[in-house]
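Scroll down for the structure; my scribbles are underneath it.
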Amino acid sequence: MTADANDGRRVNAIRARESIKRSRWTLVAFAVILLVLGSLIARPRPLLLWNVSASAPVGLYFVGSAGRLARGDMVAARVPSGLRLFAARRRYLPMNVPLVKRVAAVSGDIVCASGSDVTVNGRRVARRVAHDGLGRPMPWWSGCVELVEGDAFLLMTDSPASFDGRYFGVSPAADVMGEAVLLWRR
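Per my numbering, residue 37 is the first one in the sequence shown, and the count goes up by one each step.
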């Protein structure tokens, strides 16, 4: 075997290793791009959530999968996009912090709001106030909505001052992050 043949083999081996390294870096770069794009498209959900709102027990919640919702389920949900800044400015909830609320109506139920009354399937479930505790006007919706698959009407019936569906209406499936299970109560 000649020195030229050995040098050729070494050069080929070096090129092969460099090619493998380039392939690995290309794969890593592709994976990073996919993760970044995925996080821009998909709406990530937290696994743990600290609720500070007095309308639900203050404490640490585990956020499970959204699954099929049932009346009475406690869920974590995003404030509707059009009201996030409103809620943050009024200090109801920091911007982009999820709500913890109970599901009061699901697919097939009819939710109506007229004046101060909110009804589900014809039964009054809550009253609304026109102004919050500081005298500021509350958002107001009127009419009836039949919920479709995945929609939820979020309402804390035992908390009359709760900022919930009585003020922002039905929450679409995309806003419901998942079931909220209380792990530790403060």
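Where a beta carbon is used, it is the ideal one built from N, C-alpha and C, also for glycine.
In the DSSP assignment, find the unbroken beta strand (DSSP E) run with residue i in it and report its ends.
i	result
residue 98	95–99
In the DSSP assignment, find the unbroken alpha helix (DSSP H) run with residue i in it and report its ends.
i	result
residue 125	120–125
residue 171	No alpha helix (DSSP H) holds residue 171; DSSP gives it neither H nor E.
Between the C-alpha atoms of residue i and residue j, what's the straight-line distance to the nearest angstrom?
i	j	result
residue 213	residue 96	16 Å
residue 86	residue 128	15 Å
residue 167	residue 198	12 Å
residue 45	residue 60	23 Å
residue 51	residue 105	57 Å
residue 109	residue 218	12 Å
residue 55	residue 69	21 Å
residue 221	residue 180	36 Å
residue 63	residue 57	10 Å
residue 208	residue 66	33 Å
Short of 6 Å in beta carbon distance, which residues of its chain neighbour residue i, apart from the five on each side in sequence? Order them along the chain.
i	result
residue 145	156, 157, 183
residue 120	131
residue 210	none
Between the Cα of residue i and those of the options, spot the shortest distance and give me the residue it belongs to.
i	options	result
residue 148	178, 119, 109	178
residue 112	124, 194, 91	91
residue 114	218, 219, 201	201
residue 172	125, 118, 101, 209	125
residue 169	44, 93, 196, 57	196
residue 206	101, 47, 185	185
Just to confirm, are residue i and residue j a CB contact at a threshold of 8 Å?
i	j	result
residue 204	residue 116	yes
residue 83	residue 138	no
residue 107	residue 162	no
residue 175	residue 98	no
residue 143	residue 187	yes
residue 215	residue 118	no
residue 136	residue 101	no
Near residue i, what residues of its chain come up, given a Cβ to Cβ distance below 7 Å and the 5 sequence neighbours on each side ignored?
i	result
residue 153	160, 163
residue 194	none
Apart from the five residues just before and just after residue i, which ones in its own chain have a Cβ nearer than 8 Å to its Cβ?
i	result
residue 94	87, 88, 221, 222
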